[in-house]
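Using this note's numbering, the first residue of the sequence shown is number -6, and each one after it goes up by one. Note that the Cβ used here is the ideal one computed from N, Cα and C, for glycine as well. Here the structure is a predicted model, which means the values were calculated and not measured. A quick write-up on the structure given underneath.
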Amino acid sequence: MIPLVNPLGIAPLFLVLTERFEPSERISIAKKGTFTASIILIIFGLVGTYIFKFYALTVDAFRIMGGIIFFRNGLRMLEVKLSRGRSTPKETEENLESDDIAVSPIGIPIIAGPGSITAAMILSGEAHNFTDYGILIFTIIFTMSLTFYIFRGADRLSKKLGTTGFRIIQRIMGILLMVIAVQFVINGITPVLVNIIEEVGRSAIGR
């Protein structure tokens, strides 16, 4: 979940969006933004299974789709580009004119973007008991807590790491995300290929 949210990668964007606010207001925005993202991800994590059942979707199909999204996001992180799935310059400018930017664009789609929402739904589909759901919720809360503390210390972190430091970390996160994406696709395709091979085997035996 941490590579998908990429708190270090989005910290500079948080600084840009909140540069006109006082430090105390910035902390409040970070708190509200991460809380909003937590609620959104937990909701998708809890209802993900029902969405799969309602639309007759399989976890394997979602793994493949999620892997494609994650790979695309990881590639963009390597190229040091902002994901289009998060916020366009026009949307950012419009949201900056509003009184509260914590919910949007910071809470969603910057923190809780398509990648993290997809991951929450996939993990939900793989959950089989209360322990699994508990681990999922704990993972979300831990990731959001880490994001909050990174946002809170973004000023100091920016001075220490500098632009180059942020880009290096973002590229490392991008590589890690691409590896996760490839594994997701492998995990999604393998059961499909196994089923095809089994069907071909049965057909051959039947003849």
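Distance between beta carbons of residue j and residue i, contact taken as under 8 Å
| i | j | result |
| --- | --- | --- |
| I104 | T140 | 6 Å |
| G2 | M166 | 6 Å |
| L71 | I130 | With 8 Å as the limit, L71 and I130 do not qualify as a contact, their Cβ atoms being about 31 Å apart. |
| N66 | G26 | In fact, because the Cβ distance is near 19 Å, the residues do not count as touching under 8 Å. |
| A23 | R145 | 6 Å |
| M114 | F55 | 6 Å |
| V185 | D93 | That pair is no contact at about 45 Å. |
For residue i, three-class secondary structure by DSSP
| i | result |
| --- | --- |
| T11 | coil |
| D93 | coil |
| Y142 | helix |
| M(-6) | coil |
| A49 | coil |
| G100 | helix |
| E86 | Residue confidence is low: E86 scores 49 on pLDDT, short of 50, so the model does not pin down where it sits. Its coordinate-derived value is still stated next. Helix. |
CA-to-CA distance, residue j to residue i, given in whole angstroms
| i | j | result |
| --- | --- | --- |
| E90 | P98 | Residue placement at E90 is flagged as unreliable, the pLDDT there being 40, under the threshold of 50; a coordinate-derived value is accordingly withheld. |
| V96 | I35 | 16 Å |
| V9 | L170 | 24 Å |
| Y220 | A174 | Residue 220 is absent from the structure shown; the chain starts at -6 and stops at 200. |
| L6 | I57 | 29 Å |
| A49 | I33 | 23 Å |
Best match in the options for proximity to residue i [C-alpha to C-alpha]
| i | options | result |
| --- | --- | --- |
| S31 | F64, I133, A112, G67 | I133 |
| S138 | P16, T29, R13, E18 | T29 |
Quick check for students: name the residue ranges of the alpha helix (DSSP H) that lie wholly in the region 117 to 200, counting only runs of 4 or more. Fully enclosed alpha helix (DSSP H) runs of 4 or longer: 123 to 145, 147 to 199.
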